[in-house]
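*Asks:* Under my numbering, the first residue of the sequence shown carries the number 62, and numbering increases by one thereafter.
I'd like to ask some things about the structure below.
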Amino acid sequence: MRYDDSVDEKEVGMSEKVYLSRASVGEEEKQALASVIDGMYLGMGQQVMLFENELAEYLSSPVACVCNGTAALHLAVQACGIGEGDEVIIPSITYVASFQAVSASGATPIACDVDPVTNCTSVEDAARRITPRTKAIMHVHYASGMGDREGIFKLAKQHNLRVIEDAAHSFGGMHNGKRVGSEGDVFCFSFDGIKNITCGEGGAVVSHDESVINNVRDLRLLGIQNDSAQRYAGKRTWDFDVTEQGWRYHLSNLHASVGRAQLKKIADFAVKRQALAKAYNEQLRGLPLRMLPLDYDQVVPHIFAIVVEPEKRAGLMAFLADHQIETGLHYKPNHQLTKYQSTNCPHADAWGLGSLTLPLHVSLSTDDVMRITKLIREYFSR
Ligand SMILES: *Cc1c(COP(=O)(O)O)cnc(C)c1O
């Protein structure tokens, strides 16, 4: 990758900046956008239908596309009939989008702790937080891992709860020999600019429960019943009924066309992301830090997180920043936010103090990983 100032940087002996995350888009996406623009139908139409059909085939499950991952989570909750007076249990370590999506539906998000090894929903702590108002567990695939997914489904079955999986990180991965999204209750994916595939902005609700999918199809178009089929045909409904609060959450042809070009590249993206994560695992072994126990032949990692001694974190991040390497924090625990306050999430608290994420994206090279891990070794040997 070349930037206008890269020559200058080389001349003064600085290395090129390494970004935490980036989209991988090129000629195919440009052409897809150009052909939608030439067709002059930019809103929700045939491209969205085709993208949904291609996703449905890839995931072996019905799909409804929406404008982003947060909208997918919000509509998934609403389409399950969850709202005012209901509670949804969510692990504290996730993007605030998961919490906001639940509160947007009128339901109350209840933060629970994470498992200290996988950093996914703690089944024991989720069980402790179930009340007669609990209607669902939102299980987050943190860093593309699924933690004790079977334990979550068992708990949900015992208490008659829905399982809404926030699969924003895990598109393209496999779990127990099955594609993530093919078997479960309700999955929500994000196709934002930096996820495993992107539409620019986009999202999808995936479920074998046809009532959920049909509900989402109406809710994304202001609750206008059966309008999706008209839009796919380049038309719209003029005489209609509305029975529920809906939203303006549909996907556009422009975004869907980018998603279609990206879906063709997912196998290639998967191999690259998996190779980078394996290289990190290999190169960081033996250092005073912890990594997630993920099988990078199965999952397609969206982020690469490590945990260090809390006193060391700021220093390590600053050291890497001095060497033009961007790092991130995924995530500040949600139970520490004013709106979602809750107590007794010690493992989430610890994660919030000691974790950081290292660069991971398709344009990163194994040489970049070598450079980054060499610097981390240097930091710990000082
Ligand atoms: C990206 C993300 C979302 C939200 O998706 P958007 O498309 O950005 O709205 C939700 N949950 C998690 C864990 C995410 O990483």
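By construction, the Cβ of each residue, glycine as well, lies at the ideal position given by its N, Cα and C atoms.
All figures in this text were calculated on a predicted structure; none of them were measured in a lab.
What is the DSSP secondary structure of glutamate 439, counted as helix, strand or coil?
*Replies:* helix
*Asks:* Let me know the secondary structure DSSP gives serine 76 once reduced to three states.
*Replies:* coil
*Asks:* So the alpha helix (DSSP H) histidine 220 belongs to, where does it begin and stop?
*Replies:* 210-220
*Asks:* Can you list, in chain order, the residues of its chain with a C-beta nearer than 6 Å to that of alanine 331? Leave out the 5 residues immediately preceding and following it.
*Replies:* Gly233 and Val361
*Asks:* Can you tell me whether serine 289 is helix, strand or coil according to DSSP?
*Replies:* Serine 289 falls in the helix class under three-state DSSP.
*Asks:* Please indicate yes or no: does the CB of histidine 135 lie closer than 7 Å to some heavy atom of ligand 1?
*Replies:* no
*Asks:* Counting pairs of Cβ atoms below 8 Å between the segment 147-163 and the segment 114-122, do you hit three or more?
*Replies:* Short answer: they don't touch.
*Asks:* Do aspartate 174 and proline 420 have their beta-carbon atoms positioned less than 8 Å apart in this structure?
*Replies:* Aspartate 174 sits away from proline 420, with the two beta carbons spaced by 8 Å or more.
*Asks:* Less than 7 Å separating the Cβ of alanine 366 from some heavy atom of ligand 1?
*Replies:* no
*Asks:* Exposed or buried, which one is lysine 325 when buried takes at least 16 other CB atoms within 10 Å?
*Replies:* exposed
*Asks:* Going straight from the alpha carbon of glutamine 397 to that of tyrosine 156, what length do you get?
*Replies:* 13 Å
*Asks:* Check the C-beta distance from leucine 280 over to tryptophan 308 and give it rounded, since I have them as a contact under 8 Å.
*Replies:* 6 Å
*Asks:* Whose C-beta lies closer than 6 Å to the C-beta of serine 231 among residues of the same chain, with five residues either side of it excluded?
*Replies:* Cβ within range, chain order: His202, Ser205 and Val241.
*Asks:* Leaving aside the five residues before and after glutamine 359 along the sequence, list all residues of the same chain whose C-beta is less than 8 Å from its C-beta, in chain order.
*Replies:* Answer for glutamine 359: Gly234, Met235 and His236, listed in chain order.
*Asks:* Taking the straight line between their C-alpha atoms, what separation do you get for alanine 187 and isoleucine 143?
*Replies:* Per the coordinates, the alpha-carbon of alanine 187 lies some 18 Å from the alpha-carbon of isoleucine 143.
*Asks:* Can the beta-carbon of leucine 381 be found closer than 8 Å to that of leucine 436?
*Replies:* yes
*Asks:* Hey, how far is the Cα of asparagine 276 from the Cα of glycine 208?
*Replies:* 29 Å
*Asks:* Expressed to the nearest angstrom, what Euclidean distance is found between the alpha-carbon atoms of alanine 162 and arginine 443?
*Replies:* As the crow flies, the alpha-carbon of alanine 162 is around 44 Å from that of arginine 443.
*Asks:* Tell me the rounded alpha-carbon separation between glutamine 306 and arginine 432.
*Replies:* 52 Å
*Asks:* Ligand 1 heavy atoms versus the CB of glycine 264: any closer than 7 Å?
*Replies:* yes
*Asks:* Any idea if threonine 192 is buried or exposed, counting beta-carbon neighbours within 10 angstroms, 16 or more meaning buried?
*Replies:* exposed
*Asks:* For the pair the segment 289-296 and the segment 86-95, tell me if three or more CB-CB distances fall below 8 Å.
*Replies:* At 8 Å Cβ cutoff, the stretches do not touch.
*Asks:* Under a three-way DSSP split, which group does threonine 182 fall into?
*Replies:* strand
*Asks:* Buried or exposed, going by whether 16 or more other CB atoms sit within 10 Å of the CB of arginine 63?
*Replies:* Note on arginine 63: pLDDT 42, under 50, position unreliable in the model; no value is reported.
*Asks:* Any contact between the segment 128-142 and the segment 249-258? By contact I mean 3 or more CB pairs, one from each, below 8 Å.
*Replies:* Contact holds: three or more Cβ-Cβ distances are below 8 Å.
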